[in-house]
Amino acid sequence: MKKLMLLPLAALVGASFTANAQEPMTQNFDYISGGLQISKFSKDLPSGLNSMTDGGAGLYLRGSWNFTDNFFVEMRGDAVASDDITVSNGLMGLGYYMPINEDFTVYGMAGFAKTRYEFDAKFNGTTFTAGVEDSGFTGEMGARYQVMDKWMIEPAVRFAAYDDTMYELRLGNNVQVTDHVSLEANVSRLDFDFNKETNFQLGARYNF
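Taken in order, the sequence shown gives residues -21 to -1, 1 to 187; the numbers are from mature numbering (1 follows the signal peptide of the UniProt record, and there is no 0).
Okay, here's the thing in structure tokens:
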């Protein structure tokens, strides 16, 4: 499971942010979040020399920094494992958000994304490692809508220009617990040419 810690997001943790407790939930792009992730695959993938898997469990991590005006940088990463296979996704992007009102904000983001399938197996005391990686430009459009006083939803659609274009549909749910802490429950669907990946995430977010 130590491979799950190799997420491409650690750079944001050391950033310094300023807090504004009165800022609407839909307009706060200064945060870090993370938690557990369960993934299901549309087809069986090799997870060992003599085994297959249709899913895995692991972690996700996300961070955003609203560094000036309405511009922000965001980093995301997730990794799930089952036996000897690890599947990871990561991205880094520059975005711009536009508040429509206090309850509704839209945004766009462009950047770089990467997906990797890594297989480690031991045979007669020897470890074999093989990996398949794809990367390319990514673009996303999304929105934030405050459904209730403490509940915000975050629908988004994204594509990544891999060898075969990947499409993602995502719905985030954010429930505020305190001025700075909220709970997350997210679901996403990644459509690759050879596989479809459905992710369920449960975690927490700290808003600066």
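For glycine and all other residues, C-beta sits at the position ideal for the given N, C-alpha and C.
**Prompt:** tyrosine 39: buried (16+ other C-beta within 10 angstroms of its C-beta) or exposed?
**Reply:** Here residue 39 is taken as the residue at index 60 of the sequence shown, counted from 1. Classification for tyrosine 39: buried.
**Item:** Three-state secondary structure assigned by DSSP to threonine 5
**Value:** The sequence position of residue 5 within the sequence shown is 26, counting from 1. Residue state, collapsed to three classes: helix.
**Message:** Suppose the cutoff is 7 Å on Cβ atoms and the five residues either side in sequence are ignored; what does the same chain contact list for alanine -7 look like?
**Reply:** Looking up residue -7 in the sequence shown gives position 15. Confidence in alanine -7 is poor, its pLDDT being 43 and thus under 50, which makes the residue's placement unreliable; the coordinate value appears in the next sentence. Cβ neighbours of alanine -7 beyond the five flanking positions: Trp44.
**Request:** Pull up the DSSP beta-bridge partners for threonine 105, would you.
**Result:** Here residue 105 refers to the residue found at position 126 of the sequence shown. According to DSSP, threonine 105 bridges with Phe102.
**Item:** Inter-residue CB distance, threonine 108 and aspartate 99 (contact presumed, cutoff 8 Å)
**Value:** Numbered from 1 along the sequence shown, position 129 holds the residue referred to as residue 108. Numbered from 1 along the sequence shown, position 120 holds the residue referred to as residue 99. Confirmed, about 5 Å.
**Prompt:** How would you call asparagine 165, buried or exposed, if buried means at least 16 neighbouring beta carbons within 10 angstroms?
**Reply:** Walking along the sequence shown from the start, residue 165 turns up at place 186. Result: buried.
**Item:** valine 160, DSSP secondary structure in three states
**Value:** Translated into the one-based positions of the sequence shown, residue 160 becomes position 181. Looking at valine 160 - three-state DSSP - the assignment turns out to be strand.
**Item:** Inter-residue CB distance, alanine 92 and leucine 70 (contact presumed, cutoff 8 Å)
**Value:** What you label residue 92 is simply residue 113 of the sequence shown in a count that begins at 1. What you label residue 70 is simply residue 91 of the sequence shown in a count that begins at 1. At roughly 4 Å, the Cβ-Cβ gap stays under 8 Å, so alanine 92 and leucine 70 are in contact.
**Message:** I'd like the span of the beta strand (DSSP E) that includes tyrosine 10, first residue to last.
**Reply:** Here residue 10 corresponds to residue number 31 of the sequence shown, with the count starting at 1. Tyrosine 10 -> beta strand (DSSP E) spans 10 to 27.
**Item:** Any 3 or more C-beta pairs closer than 8 Å across the stretch 80 to 88 and the stretch 121 to 137
**Value:** yes
**Message:** If distances are taken between C-alpha atoms only, which option among Thr47, Gly42 and Asn152 comes closest to isoleucine 132?
**Reply:** The sequence position of residue 132 within the sequence shown is 153, counting from 1. Isoleucine 132 has its Cα closest to that of Asn152, out of Thr47, Gly42 and Asn152.
**Request:** Report yes if the C-beta distance between isoleucine 64 and alanine 36 is below 8 Å; otherwise report no.
**Result:** Indexing the sequence shown from 1 puts residue 64 at position 85. Indexing the sequence shown from 1 puts residue 36 at position 57. For isoleucine 64 and alanine 36, no; Cβs fall outside 8 Å.
**Asked** Going by other Cβ atoms of all chains shown within 10 Å of its Cβ, with 16 needed for buried, is alanine 183 buried or exposed?
**Response** Within the sequence shown, residue 183 is the residue found at index 204, counting from 1. Answer is exposed; the Cβ neighbour count stays below 16.
**Asked** Do leucine 181 and arginine 168 come within 8 Å of each other at the CB atom, strictly closer than that value?
**Response** In the sequence shown, counting from the first residue as 1, residue 168 sits at position 189. In the sequence shown, counting from the first residue as 1, residue 181 sits at position 202. Contact flag unset, no.
**Message:** Checking 8 Å against the spacing of the C-beta atoms, do alanine 135 and glycine 115 come in under that value?
**Reply:** Here residue 135 is taken as the residue at index 156 of the sequence shown, counted from 1. Here residue 115 is taken as the residue at index 136 of the sequence shown, counted from 1. Contact: no.
**Asked** From phenylalanine -5 to aspartate 9, what distance separates their C-alpha atoms?
**Response** Start at 1 with the first residue of the sequence shown, and residue -5 comes out as number 17. Start at 1 with the first residue of the sequence shown, and residue 9 comes out as number 30. For phenylalanine -5, the predicted model reports a pLDDT of 42, less than 50, meaning its position is unreliable; a value from the coordinates is still stated below. Roughly 7 Å between the two C-alpha positions.
**Asked** What number of angstroms, rounded off, separates the C-alpha of residue 198 from the C-alpha of tyrosine 75?
**Response** In the structure as shown, the chain begins at -21 and stops at 187. Residue 198 is therefore absent and cannot be evaluated.
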